[in-house]
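Line by line, the protein sequences are chains Z and G.
Residues in the first sequence are numbered consecutively from 1, following the numbering used here.
Residues in the second sequence are numbered consecutively from 1001, following the numbering used here.
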Amino acid sequence: MKHKMSFIATVLCVLCLLSQSILRSAASSPHNQFLGIAPEDEKYYKSSEVIKCKDGSKKFSRAQLNDDFCDCSDGTDEPGTSACPGGKFYCRNVGHAPLQLFSSRVNDGICDCCDGSDEYDGKVNCPNTCWKAGKVARDKLKKKIATYQEGVAIRKQEVEQAKVSMAKDEAELSKLQSDQKTLKLLVEQLRERKEQIEKAEERERLQKEKEEQEKKEAEEKAKQENSGGEDQEKTKAEEEAKKEKSEDVEDGSAEDKPIESQHDDNVGNLDDSHSYQDTAEKHDDLGTEDGSIDTPEHIGSLVDGVQQEAVKQKKESVATSEPDFDGGSKVPHDEGDDASENTESLSKEELGRLVASRWTGEDTTKESGEVDVTKDSDHEDHEELPKETHDEQSDGYASETDDDNQKYDDEDHEDEADDDFGVEDHSDSGSSYKYESDTDSDLSDVTTPSNPSWLEKIQNTVRNILHVVNIFQTPVNQSEAASVRKEYDESSAKLSKIESRISSLTQKLKHDFGPDKEFYSFYGRCFESKQNKYVYKVCPYKQASQEEGHSTTRLGSWDKFEDSYKVMIFANGDKCWNGPDRSLKVRLRCGLKNEVADVDEPSRCEYVALLSTPAICLEEKLQELQHKLDLMNKEQPHAHDEL
Amino acid sequence: MKKTQTMNNLTLLLLLLLLTCHLSPVLSWKKDEFRNCNQTPFCKRARARNPGSSSLTVQDAAISDGELTAKLVPKRIEQEETSPDQIKPLLLTLSAYQDGILRLRIDELDPPRKRFEVPDVVLPEFEGKKLWLQRLSTETIDGDAAPSSVVFLSDGYEAVLRHDPFEVYVREKRGNRVISVNSNGLFDFEQLREKKGEGEDWEERFRGHTDKRPYGPQSVSFDVSFYGADHVYGIPERASSFALKPTRGPGVEESEPYRLFNLDVFEYIHDSPFGLYGSIPFMISHGTARGTSGFFWLNAAEMQIDVLGDGWDAEAGIALPSSQSRIDTFWMSEAGIVDAFFFVGPGPKDVARQYASVTGTPAMPQLFAVAYHQCRWNYRDEEDVEQVDSKFDEHDIPYDVLWLDIDHTDGKRYFTWDRMLFPHPEEMQRKLAAKGRHMVTIVDPHIKRDDSYFLHREATEKGYYVKDANGNDYDGWCWPGSSSYLDMLRPEVRSWWATKFSTENYVGSTPSLYIWNDMNEPSVFNGPEVTMPRDAVHRGDAEHREVHNAYGYYFHMATADGLVQRGDGKDRPFVLSRAVFAGSQRHGAIWTGDNTAEWDHLRVSVPMILTLGLTGISFSGADVGGFFGNPEPELLVRWYQLGAYYPFFRGHAHHDTKRREPWLFGEKNTQRMREAIHTRYMLLPYFYTLFREANTSGVPVARPLWMEFPSEEATFTNDEALMIGNSLLVQGIYTEHAKHTSVYLPGKESWYDVKTGAAYKGGKTHKLDVNEEGVPAFQRAGTIIPRKDRFRRSSTQMVNDPYTLVIALNSSQAAEGELYVDDGKSFEFQQGSYIHRRFVFADGKLTSLNLAPGQTQFYSECVIERIILQGLSTGQKSALIEPANQKTEIEQGPLLLHSRQGPTVLTIRKPNVRIADDWVIKIF
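Have a look at this one:
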């Protein structure tokens, strides 16, 4: 008992001593009272003995500065310790760039500042690596500046180019608009004349009919036979005859039209399929009325039209069949949703796959096929559970690890994005091409001053025709009527071409090409990137897709720019099973060529890609970078060594 | 013509069906895929029996080897010509253990085949707590024809074996009953027998699956009554209310018993008696009249339990054996024996302790495991991992563990890596470890049947797989496709499995890697009810039907053992399991499985966690955000705010969902989630202390209110709020755009809002305004909570950080609290290497007392930098620290450092006393 007491006393005594020493040493406050303060802030702390918390909540004494106890909830009093969760620690990092850390990094055993100033409690030793790291960073920065310098120049050219092209577009548009006005008038006149002719013809026809009718009635009276049935037949026959006639007229014009328009002007090229279709439709109508036989050309064009229509439909169905297909893959799952699902008829394996598919959402039927084929192969699993983008990504990753930060979030991390610059030697097989070049060149030909007279020509022709044709003449002069019709058809076709060009131009010009129209050249272009088995196609202002062999998955239609033109959004792509509609976010970064790289799917069916382009190599950014480099060099005592 | 018409109609219908199905993914719980009681012959038979149908009587009751043994014999053998199997008596054993635990065992006397007894669940040391019964007294009860046997149980309790009619119960000495078995005469024990000729068909069929049932009917069922009970709780796992609703009786609509059968239920729904991934056949009753008692039936076969509502037996007209109020329950199991434990309480924590003495207390987790976990199916590759990891730092959000789901493997072959995606797993783990972070990879029990896979080859050669009814290796279907399942019932298979976790054997693993066991119900996609056929065969010819509910338990156990071995017994394992059985708490954490991003699932997570805690599983949590579906940002934020208080705190999501890491929903929401996670990190010292309390006492970390306030009836059915330890009450917010909520604050003392510091009176319901910044949480007056207010990248960097003590004084200006600290990693705490302090504030003095026995070997320099005083009635200005005899100031300081507009409170500034020391701080 006595022993115990004395033992306790000793322990207590030792504890006293210990705790006293602890009281002095416990606080891990820094030796330098102004640690963690940015140079521009030092005045704030040094000016007086009583310092205000920056948020004005409180005041603290100089002794409380960096005393390892949080007095200001905004962390003003503890810039150099971890005491305030809201605080920031500044490291100078001489030789490299200064850094602001969350105060939670101070004395946490991890070296965050290259000068090691964030770890001073003696638990870890952080060597100063600023010189080495700084050199790497400066080199990187220099490289980046070089790219920017070149990029800025390219951008300037492009902006100039865009201005010219846009002016051209606008000029074309206004020219077309005035042409449209004139042409509209002519077409109107021709239409009126054509209708007059048709009325005259109709009158003529009725007259003839009446005459024949009378004749017939007379004959019939004479015959007195089974009138009803024959009557009908005859009228039908008559009608046919009449139709044939009118067709002949139309045929003439229709026959010539494609050929002539091709010869005559470029507008005709614009929308050939359209005109074929129109004709085809007309003939279609007629065809249903009576089975009369067309001229070979007509059959040709008819078939053509039908085929084109079919092709078009097919295309559409290819585009839309993706969601359908997905829907198909859902079938087993969704059947599962039905409480009355009959799983008893399934084989054990089918049942296993079916149940697994609830979680994975995979197509059990497709999978089973694949598994059968690859059952013994080593990489069975890769086939078995296709994870869309797994394979191709691993390539890109190794080279671009620094780039990560910008990938997943919407926030502005320009700095990081810019840090990883080395665009030039990017290994991805990107390419770009134009998809609208035909129409562009064609129409511009139409409107160039080189053939200024086509409209005048038409005007003259029309004037002549209108002069010559006498609509009050009976019977109607067939050749005159035909030329009116022909002229009408040609002009109205031309008009519709002009109108469609106008609308496509207006559509184009409505787009947001950026503050300096720097994205103008993106219009009508696609950028491709091949990543393993997939080809990613990014067509700004249009759509983005992922192609694998012949199957195409739409990743989204053009939506807009975001994040002050640093991001392009493609939205409402093909439906994803159990997920959102596919979408693609393309992050832009300054580069010398337009190249898509690093397509990724961080979240199911939400794709991201990088596009390097001179379009965002901004002058201001270049200056900023240069300033940054200057600062780094200035802080660097032996800056000259580097050169 | 007509045909095509119908065809068209059919296609249309199909299309429509597709459409509607797709629009309502919520309703995809496949109820029909699982058997209900009527489709389960043993359940149907048992439920059809009438009260009083049991005809057993007790014979030959005697004390032998310190136990009471007896035979159960049917009453009317001599009068009637009965078949030979019915005259075979049953053997009954009653044994008493320390702390008022009664164990009842009933088995066949001489069965043709040994019935299955669940091994390795009851602690080996439990046998050492057995009381050596010396004598048996007899007593005639209620004018019975035969006298009954009575034995001593504990100071206040006796066990009674009533002979005729047969009944077993525990009673207070010569007084009220506590728990009884067979009071309603529903006891039935189907003894193993020969087929009655070839005509008898024992096979059972369900949805195309045939169960050969070679041993025929062998179910066991009986009624259990809890006396003086207002409610019964427990028997997880299901997504339903905390207090168990009656399943039979007047007014019960959907009459399905609570099912205990471990199943992988796709998109489970909330508020359903349907059983999920785990089974713990342990029920707890609680009421004002009697307090708390518990009943545990150690049996791993499918079990169905009815809670019988008042008047369930009205037609039978059986008289109550006692005037006491009670809750009757009916327990039915497909196979096995009766091996049941009665726990007398009388308090909730007593029952927790008693149950833990049978099945063990929760393992002490490593400190990192108590912090925040970030998971997703799947972080796809090393770049993704690096990306997510760096984003946490960028947004100053701490986290401790990054998880990899099944797709990190080479074709779902566990212990392998998809080298395309994870070419450098060691380096990846080392990078995380450099920031004090850990990684968890998934290892499931299904082994891909692929001859080039080393595990499959070895397991096949060694014959370690579960066999099918024909004696071949059972071949089921799971993630890898065709798979077999290790027979984890066999200790040699478990030891073999454990060796697979060494860093040499698990190529690409490092010591900072820990394990996740999923699908261990076991989940078998093409099996009956998505699990293994009941006629599959385990060690010693045990059938899967007998082992089923414990399969995942053995797997969990073997995995945890593997991690212990990997660390030479010096590193505490961390293994998360989905399947649960009684005793799982010894092996690791549990999560509530594949929940859904819906408000109702957020709500039901609380009763699920409370139930698991009550049945011993302290370390549990629900997937924050909901596994399936995309939570609205508000729901996600609310989930983080509540999830920060789950004992196991992990964000997880299905691979079809959008990314939902905390920084993806705008700065405001990022701030809210950051604060929720910070709250958890701030409270880590408190949580860790509670985990230690659970580890020593069995009392769970997350508790129902009535565990702390057992006599307050208002708390009995409250499952929207939970207590974290004895000091914190947390109420979730379970509705969208909530502006108000009602919170019942029990007890006589006040409660302090942890964010505003506002005081609320106890013993009443408060209508509170709520905002999106947090969920209501209160510190009970009279408690002291230890915190760490500095936030780091992970808990690892917080080790040396100073503490804050938050003292909430009660009406007598007193408060108490504890702090437990050890190295956070090793088992040295078991040798006394820890700091355990009790802080007592009374008479204007805060005293730190040592709770550790003897001199601690654990050393810590950590100090207390701040002491917050709430509820101090007088205006003290200074504090004197003894024995240093140093003065320090009391001033107004922030209640929460990270909340800029927070309130100010009385703060003792920089006392800087060490947590390892004895000291006193006087305020004046």
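Built from N, CA and C at the ideal position, the CB exists for glycine as well.
In this text, all values refer to a predicted model and were calculated from it rather than measured experimentally.
Pull up the distance between the alpha-carbon of residue i and that of residue j, whole angstroms please.
i: Glu-1033(G); j: Val-106(Z); result: 56 Å
i: Ile-1337(G); j: Asn-1470(G); result: 25 Å
i: Val-487(Z); j: Lys-215(Z); result: The amino acid occupying residue 487(Z) in the given sequence is Glu; Val does not appear at that position. Cα-Cα distance, rounded: 38 Å.
i: Lys-1755(G); j: Ala-1808(G); result: 13 Å
i: Ala-171(Z); j: Ser-492(Z); result: 23 Å
i: Gly-122(Z); j: Ala-83(Z); result: 17 Å
i: Ser-394(Z); j: Asn-1378(G); result: The predicted position of Ser-394(Z) is uncertain, since its pLDDT is 39 and thus under 50; a value taken from the coordinates is nonetheless stated next. Cα-Cα distance, rounded: 15 Å.
i: Lys-517(Z); j: Thr-506(Z); result: 16 Å
i: Leu-466(Z); j: Glu-490(Z); result: 15 Å
i: Lys-312(Z); j: Thr-552(Z); result: Unreliable placement is indicated for Lys-312(Z), whose pLDDT of 46 sits below 50; no coordinate value is reported for it.
i: Met-1798(G); j: Gly-1208(G); result: 57 Å
i: Thr-1040(G); j: Phe-1525(G); result: 20 Å
i: Leu-1072(G); j: Ala-1061(G); result: 9 Å
i: Phe-527(Z); j: Trp-558(Z); result: 14 Å
i: Ser-1064(G); j: Leu-1133(G); result: 8 Å
i: Ser-1637(G); j: Ala-1653(G); result: Before going further, note that residue 1637(G) is Val rather than Ser in the sequence given. If I take the Cα positions, the gap works out to 15 Å.
i: Asn-1517(G); j: His-1556(G); result: 7 Å
Grab me the residues of residue i's own chain with a C-beta within less than 7 Å of its C-beta, minus the 5 sequence neighbours each way, in chain order.
i: Leu-99(Z); result: Cys-91, Asn-93, Cys-113
i: Pro-1894(G); result: Gly-1902, Thr-1904
i: Arg-1539(G); result: Asp-1487, Leu-1489, Arg-1490
i: Gly-556(Z); result: Gln-543, Ala-544, Phe-570, Ala-571, Asn-572, Gly-573, Arg-582, Ser-583, Leu-584
Note down, in chain order, every chain G residue with its Cβ under 9 Å from the Cβ of residue i.
i: Ile-502(Z); result: Within 9 Å Cβ-Cβ: nothing; Ile-502(Z) doesn't reach chain G, min ~41 Å.
Within its chain, find whatever has a CB closer than 6 Å to the CB of residue i; leave out the 5 residues flanking it on each side and keep chain order.
i: Leu-1690(G); result: Val-1701, Gly-1725
i: Ile-1106(G); result: Leu-1090, Leu-1092, Val-1338
i: Gly-1345(G); result: Gly-1291, Thr-1292, Ser-1293, Val-1351
In chain Z, which residues lie less than 8 Å from residue i when you measure between Cβ atoms?
i: Phe-1525(G); result: Leu-351, Gly-352, Arg-353, Leu-354, Val-355, Ala-356
i: His-1652(G); result: Here the premise fails: no neighbours, minimum Cβ distance about 13 Å.
Short of 8 Å in beta carbon distance, which residues of its chain neighbour residue i, apart from the five on each side in sequence? Order them along the chain.
i: Phe-1187(G); result: Ser-1054, Leu-1056, Phe-1166, Val-1181, Ser-1221, Phe-1222, Asp-1223
Using 8 Å for Cβ pairs, my map puts residue i next to residue j. What's the rounded Cβ distance?
i: Ala-1498(G); j: Gly-1562(G); result: 4 Å
i: Met-1367(G); j: Tyr-1688(G); result: Residue 1367(G) is actually Leu in this sequence, not Met. With 8 Å as the limit, Leu-1367(G) and Tyr-1688(G) qualify as a contact, their Cβ atoms being about 6 Å apart.
i: Ile-1890(G); j: Leu-1805(G); result: Contact doesn't hold; Cβ gap of about 13 Å is too wide.
i: Ser-612(Z); j: Cys-576(Z); result: Between Cys-576(Z) and Ser-612(Z) the Cβ distance is about 28 Å, and since that is not below 8 Å, they are no contact.
i: Thr-1292(G); j: Asp-1230(G); result: Not really, about 11 Å apart at Cβ, beyond 8 Å.
Residues of chain Z with CB closer than 9 Å to the CB of residue i, please, in chain order.
i: Asp-1789(G); result: Cys-70, Ala-83, Pro-85
i: Asp-1518(G); result: What Asp-1518(G) touches in chain Z: nothing, since even the nearest Cβ is about 11 Å away.
i: Phe-1266(G); result: Gly-336, Val-355, Arg-358, Trp-359
Taking residue i as the reference, give the member of the options with the closest Cα.
i: Arg-1793(G); options: Gly-1436(G), Leu-1610(G), Ala-1239(G); result: Gly-1436(G)
i: Ala-1560(G); options: Tyr-1686(G), Leu-1729(G), Lys-1500(G); result: Lys-1500(G)
i: Tyr-1277(G); options: Asn-1595(G), His-1601(G), Glu-1254(G), Asn-1718(G); result: Asn-1595(G)
i: Glu-1713(G); options: His-1737(G), Pro-1746(G), Gly-1817(G), Asp-1306(G); result: Pro-1746(G)
i: Leu-1851(G); options: Tyr-1820(G), Lys-1877(G), Gly-1875(G); result: Tyr-1820(G)
i: Gly-1824(G); options: Pro-1710(G), Ser-1795(G), Phe-1841(G); result: Ser-1795(G)
Which chain G residues are close to residue i, counting only those with a beta carbon under 8 Å from its beta carbon?
i: Arg-604(Z); result: His-1655, Asp-1656, Thr-1657, Lys-1658
Quick one: list the residues of chain G neighbouring residue i, beta-carbon separation under 7 Å, in chain order.
i: Thr-343(Z); result: Arg-1207, Gly-1208
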